[in-house]
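Start counting the sequence shown at 49; every next residue gets the next number (the numbering used here). We put the CB at the ideal spot given by N, CA and C, even for glycine. This structure is a prediction, so every number in the text was calculated from the model and none was measured. See below for the structure under consideration.
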Amino acid sequence: MTEGKILPVMLQFAIPVMLGSLFQNLYNLADMSIAGYTLGDHALAAIAASHSLVYLINAVSMGFNTGNAILISQAFGAGNMQNARKSYAGVLELCIGMIIAMTALLGILVDPLLHLVRTPAELFADAKSYIIIMILGQCASMFYNMYAAVFRSLGNSKMPLAFLIFSSALNVGLDILFIVPLGMGVRGAALATIVSQAISAILSGVYFYVNYPEMRLRAEDFRGNRVLIREMFPMGAAAAVTNSLFAIGDMAVQGAVNALGSAAIIGQAAAQKIRSFAIIPSIGMANTSATFSAQNYGAGKLDRITKGIYTGVIFNIAVNVFTAAAAFIFGGELIRLVTNTENAEVIANGQLMLRIVVPFIFTQTIVMIYRMSIQGMKRKVIPIIGTAVELCTRFFCALVLAPIIGFLGICFAEPLSWVVSGAVMVIFYYANVMRKEKAAKVN
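Here it is, written out as structure tokens:
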């Protein structure tokens with residue numbers, strides 16, 4: 049990624065990531081739609097009410113592994129395969145440690161967290177069953193995300209896509225099997241996700257071992273890599289904290305939504321599922337920016353990093369014009385299609401959220417691309433500051449706006465947080481990061 053025209057290079061990497069996000073969203077949507085079509089609004093609301101806690105697990109997993117894998121990408125960009133292999137060993141050790149810590153902590157806190165997000169009493173038992181299975185099985189998600197991050201750090205975004213497609217198809221099949229013939233209800237939806245991710249993680253590990261012989265770990269790779277782990281852990285932790293802060297903001301919003309009742313819960317959840325398809329280009333370019341930035345940082349090409357940021361942002365602004373138009377024209381029909389409901393309040397809530405949130409996705413693009421680029425340059429604090437600002441804005445909307453203007457306040461939570469956080473990230477990037485890096489290069 050250090051040579052060639054920037055847009056084709058970025059798209060070559062980003063398109064498989066975008067396709068991966070597409071299939072990820074399809075199988076997330078499958079959980080919701082299959083539950084809605086087979087189990088009804090109660091089960092659908094129970095899954096939706098626990099969404100923010102599941103998102104917290106996934107956000108920590110993806111952030112931690114993406115941050116840890118930055119050193120692999122930098123070593124690969126510099127042509128140092130020994131360091132790349134040692135970094136991979138460090139990623140594996142840290143991943144196992146995080147699995148143990150998260151399982152223990154979340155297992156203890158599951159009830160308090162469900163109460164924190166104000167899960168309605170009539171949904172509590174089903175929501176708890178769903179989230180407990182996700183917690184106990186999050187080792188599958190952690191290893192799955194670890195291999196996806198390692199593949200991408202080596203410039204291979206195609207294999208994570210292939211395994212994600214497989215996992216998505218398997219998840220849909222298991223959803224139908226566990227929910228309909230076996231009658232497992234919401235627990236079946238959770239179990240289908242865990243089993244599909246576990247199988248995909250195992251296949252990813254086997255493929256990596258067979259096709260990357262230069263990255264096969266040896267005993268010496270686990271010795272003398274304490275320095276690398278000490279350098280790696282803050283980056284992984286910073287990315288995990290950044291993502292978890294975002295998830296905590298999502299929990300605050302979820303709590304405000306849960307307090308408004310089932311119609312708000314289902315409408316918001318359906319709109320978020322649809323919105324997740326609109327942000328696919330942003331996710332693709334943001335993930336590309338992390339690897340693009342890390343490899344060019346390792347190669348000393350700082351100007352190319354800035355050009356890559358401009359390219360990613362402009363590309364996504366153009367895409368957002370079309371997604372915003374689609375949200376205004378087809379919003380209500382999409383909500384009805386996803387939920388299989390004729391509840392007018394659910395449809396109105398979902399349509400309102402789509403029409404407010406989707407036109408502002410270009411601001412989320414700015415946040416994500418600048419954040420991932422800065423992380424790729426080994427800057428740990430600035431992304432956390434930007435996310436903390438985003439968190440505060442979400443809390444303001446959930447705790448101040450929502451009680452005053454109701455569901456409309458929930459709809460403004462994401463757009464306002466993106467605008468404020470985006471301004472912070474851009475200012476810090478040009479006033480702090482690039483100024484210091486260019487000064488260091490001159491000296």
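Thinking C-alpha only, which one of 325, 140, 332 and 301 is nearest residue 249?
Position 201 of the sequence shown, counting from 1, holds the residue named residue 249. For residue 249, the nearest C-alpha among the options comes from 140.
Could you give the distance in angstroms between the alpha-carbon of residue 452 and the alpha-carbon of residue 434?
Here residue 452 refers to the residue found at position 404 of the sequence shown. Here residue 434 refers to the residue found at position 386 of the sequence shown. Each residue's Cα considered, the two are about 27 Å apart.
Roughly how many angstroms separate the alpha carbons of residue 359 and residue 415, rounded to a whole number?
Along the sequence shown, read from residue 1 onward, the residue named residue 359 stands at position 311. Along the sequence shown, read from residue 1 onward, the residue named residue 415 stands at position 367. Approximately 14 Å between the Cα atoms of the pair.
Does the beta carbon of residue 473 sit closer than 8 Å to a beta carbon anywhere in chain B?
The question asks about chain B, but that chain is absent: this structure has only one protein chain.
Contact under 8 Å by Cβ, residue 318 with residue 387:
Walking along the sequence shown from the start, residue 318 turns up at place 270. Walking along the sequence shown from the start, residue 387 turns up at place 339. Yes, Cβ-Cβ distance for residue 318 and residue 387 is below 8 Å.
Between which residues of its own chain and residue 211 is the CB-CB distance below 7 Å, once the five residues before and five after are set aside?
Against the sequence shown, residue 211 aligns to sequence position 163. Excluding positions up to five away in sequence, the list reads 248, 251 and 252.
Given a threshold of 16 other Cβ atoms within 10 Å of its Cβ, counted over all protein chains shown, does residue 159 qualify as buried or as exposed?
On the sequence shown, position 111 is the one that residue 159 refers to. When all chains shown are included, residue 159 counts as exposed.
Any contact of the segment 147–155 with the segment 193–206, i.e. 3+ C-beta pairs under 8 Å?
no
Just mark residue 278 as buried or exposed, buried being the case when its beta carbon has 16 or more other beta carbons within 10 Å.
On the sequence shown, position 230 is the one that residue 278 refers to. Counting Cβ neighbours within 10 Å, residue 278 comes out exposed, since fewer than 16 surround it.
Opening and closing residue of the alpha helix (DSSP H) in which residue 451 lies:
Walking along the sequence shown from the start, residue 451 turns up at place 403. First-last of the alpha helix (DSSP H) with residue 451: 450–453.
Since residue 105 and residue 188 should fall inside the 8 Å C-beta cutoff, what is the C-beta to C-beta distance between them, to a whole number of angstroms?
Within the sequence shown, residue 105 is the residue found at index 57, counting from 1. Within the sequence shown, residue 188 is the residue found at index 140, counting from 1. Rounded, the Cβ-Cβ distance is 11 Å, inconsistent with contact.
Determine whether the beta carbon atoms of residue 445 and residue 401 lie at a separation below 8 Å.
Taking the sequence shown and counting its residues from 1, one reaches residue 445 at position 397. Taking the sequence shown and counting its residues from 1, one reaches residue 401 at position 353. No.
Could you say which of 470, 315, 50 and 239 lies nearest to residue 408 if we only look at CA atoms?
Here residue 408 corresponds to residue number 360 of the sequence shown, with the count starting at 1. Ranking the options by Cα distance to residue 408, first place goes to 470.
Along the chain, where does the alpha helix (DSSP H) containing residue 392 start, and where does it finish?
Reading the sequence shown from its first residue, position 344 is the one you call residue 392. Residue 392 -> alpha helix (DSSP H) spans 392–405.
Spatial neighbours of residue 125 within its chain, please: C-beta separation below 7 Å, excluding the five flanking residues on both sides.
Here residue 125 corresponds to residue number 77 of the sequence shown, with the count starting at 1. Excluding residues within five positions, the ones whose Cβ falls inside 7 Å are 50, 342, 343, 346 and 347.
Indicate whether residue 299 and residue 165 have their beta-carbon atoms separated by less than 8 Å.
Counting from one through the sequence shown, the residue named residue 299 turns up at place 251. Counting from one through the sequence shown, the residue named residue 165 turns up at place 117. Yes, the Cβ-Cβ distance between residue 299 and residue 165 is below 8 Å.
Return helix, strand or coil for residue 98, following the three-state DSSP convention.
Counting from one through the sequence shown, the residue named residue 98 turns up at place 50. Residue 98: coil per DSSP, three-state reduction.
Residue 313: which of 323, 301 and 324 sits nearest, CA to CA?
Within the sequence shown, residue 313 is the residue found at index 265, counting from 1. Ranked by Cα distance from residue 313, the first of 323, 301 and 324 is 301.
Quick check on the burial criterion: 16 or more other C-beta atoms within 10 angstroms. Buried or exposed for residue 190?
In the sequence shown, the residue the question calls residue 190 occupies position 142. The residue is buried, with at least 16 neighbouring Cβ atoms inside 10 Å.
Determine the direct distance from the alpha carbon of residue 132 to that of residue 352, and round the result to whole angstroms.
If you number the sequence shown from 1, residue 352 lands on position 304. If you number the sequence shown from 1, residue 132 lands on position 84. The straight-line gap from Cα to Cα measures roughly 23 Å.
Would you identify the three-state DSSP class for residue 71, choosing helix, strand or coil?
Residue 71 sits at position 23 when you count from the first residue of the sequence shown. In the displayed model, residue 71 falls within a helix according to three-state DSSP.
Through-space distance from residue 185 to residue 328, alpha-carbon basis:
Taking the first residue of the sequence shown as 1, we reach residue 328 at position 280. Taking the first residue of the sequence shown as 1, we reach residue 185 at position 137. Their Cα atoms are separated by approximately 26 Å.
Just list the alpha helix (DSSP H) runs in the segment 175–234, keeping only unbroken ones of 4 residues or longer that don't cross its boundaries, in chain order.
186–201 and 206–227
Kindly confirm or deny that the segment 84–92 and the segment 227–241 touch, where touching means at least three C-beta pairs closer than 8 Å.
yes
Whose C-beta lies closer than 6 Å to the C-beta of residue 232 among residues of the same chain, with five residues either side of it excluded?
For the purposes of this step, residue 232 is taken as residue 184 along the sequence shown, with counting starting at 1. Contacts found: 226.
Who are the near neighbours of residue 450 in its chain, counting only those whose CB is closer than 6 Å to its CB and skipping five residues on each side?
By 1-based counting over the sequence shown, the position of residue 450 is 402. Here the set comprises 304, 457 and 458.
Just verifying my parser: in three-state terms, what is the DSSP assignment at residue 447?
In the sequence shown, the residue the question calls residue 447 occupies position 399. If DSSP states are grouped into helix, strand and coil, residue 447 belongs with the helices.
What do you reckon, are the CB atoms on residue 63 and residue 332 nearer than 8 Å?
Translated into the one-based positions of the sequence shown, residue 63 becomes position 15. Translated into the one-based positions of the sequence shown, residue 332 becomes position 284. Yes. Within cutoff.
Work out the CA separation of residue 437 and residue 157 for me, nearest whole Å.
What you label residue 157 is simply residue 109 of the sequence shown in a count that begins at 1. What you label residue 437 is simply residue 389 of the sequence shown in a count that begins at 1. Their Cα atoms are separated by approximately 25 Å.
Residues in the same chain with beta-carbon distance under 8 Å from residue 292, minus the five sequence neighbours each way, listed in chain order, please.
Along the sequence shown, read from residue 1 onward, the residue named residue 292 stands at position 244. Counting only Cβ-Cβ distances below 8 Å, and skipping sequence neighbours, we find 104, 107, 108 and 111.
Please report the straight-line C-alpha distance between residue 468 and residue 373, rounded to a whole angstrom.
Residue numbering aside, residue 468 sits at position 420 when the sequence shown is read from its first letter. Residue numbering aside, residue 373 sits at position 325 when the sequence shown is read from its first letter. Going from the Cα of residue 468 to the Cα of residue 373 covers about 24 Å.
Residue range of the unbroken alpha helix (DSSP H) whose run includes residue 327
Residue mapping note: residue 327 aligns to position 279 of the sequence shown, counting from 1. No alpha helix (DSSP H) holds residue 327; DSSP gives it neither H nor E.
8 Å Cβ cutoff met for residue 113 and residue 219
Walking along the sequence shown from the start, residue 113 turns up at place 65. Walking along the sequence shown from the start, residue 219 turns up at place 171. No, they are not a contact pair.
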